[in-house]
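Trainee: First the structure, which I've put down as structure tokens, then a few questions once you've had a look.
There are 2 protein chains.
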Amino acid sequence: MAQLSDKRLNQLKESIPKIVGLRIKELRNERGLTQTELAELVGKDRQYLYKIEKGRVTPNVVTISALVYALEISLTDFFDFKI
Amino acid sequence: MAQLSDKRLNQLKESIPKIVGLRIKELRNERGLTQTELAELVGKDRQYLYKIEKGRVTPNVVTISALVYALEISLTDFFDFKI
Numbered sequence: 000m001a002q003l004s005d006k007r008l009n010q011l012k013e014s015i016p017k018i019v020g021l022r023i024k025e026l027r028n029e030r031g032l033t034q035t036e037l038a039e040l041v042g043k044d045r046q047y048l049y050k051i052e053k054g055r056v057t058p059n060v061v062t063i064s065a066l067v068y069a070l071e072i073s074l075t076d077f078f079d080f081k082i
Numbered sequence: 000m001a002q003l004s005d006k007r008l009n010q011l012k013e014s015i016p017k018i019v020g021l022r023i024k025e026l027r028n029e030r031g032l033t034q035t036e037l038a039e040l041v042g043k044d045r046q047y048l049y050k051i052e053k054g055r056v057t058p059n060v061v062t063i064s065a066l067v068y069a070l071e072i073s074l075t076d077f078f079d080f081k082i
């Protein structure tokens, strides 16, 4: 197991929030939900969801689990992307 | 899509960090790594990894991605559990 270089860690810091945000936005649109509707389903406000979708904040695993649960998809399907 | 009740949200807040922590510990042990060794691979300190494994902190998606990357497993395989 190799140590992750600072460059790799920074790459993850940059890319992961954006990929996760786009996934949530894509799934939300597929289900015809507005940001306000999805945010309300998980007890968050629209602005916070907007920042998540833009990759401007790094959501924790509980917030993602709630969103994924509300979007009716499994975590393993949600995270089916390469890092 | 149903709104998540406060009870369900609290359930996720309780269970997800614990499940994620146990998954990381299980994978770390499978690979014969100490907490210190895994923590160093991702530029974190042992105490922080200890808290993650105990479910006492809720890691964000970048921290999990780094750990999962260091443990050489895909995110989709890591998150292959029911919520």
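Here the protein sequences line up with chains X and L, keeping their order. If you read the first sequence in the numbering used here, its first letter stands for residue 0, the second for the next number, and so on. If you read the second sequence in the numbering used here, its first letter stands for residue 0, the second for the next number, and so on. Ideal placement from N, C-alpha and C gives every residue a C-beta, glycine not left out.
1) Is residue 86 of chain X close to chain L, meaning its C-beta is less than 8 Å from at least one C-beta of that chain?
2) Which chain L residues sit within Cβ distance under 9 Å of residue 42 of chain X?
3) Along the region 62 to 74 of chain X, where does the CB come closer than 7 Å to a CB of chain L? Name the residues.
4) For a quick check, are the C-beta atoms of residue 8 of chain L and residue 60 of chain X less than 8 Å apart?
5) Closer than 8 Å between beta carbons: that is the criterion. Which residues of the region 14 to 35 of chain X meet it against chain L?
6) In terms of DSSP beta bridges, what is residue 59 of chain L paired with?
7) So, helix, strand or coil for residue 30 of chain L, using DSSP?
Mentor: The structure says:
1) Limits of chain X in this structure are 0 at one end and 82 at the other, which puts residue 86 of chain X out of reach.
2) Residues of chain L passing the Cβ test: 2, 3, 5 and 8.
3) Result list: 63, 64, 65, 68, 69, 71 and 74.
4) Contact check for residue 8 of chain L against residue 60 of chain X fails: the beta carbons are separated by 8 Å or more.
5) So the close ones are 15, 16, 19, 30 and 32.
6) BP columns for residue 59 of chain L point to X:59.
7) For residue 30 of chain L, the secondary structure class from DSSP, reduced to helix, strand or coil, is coil.
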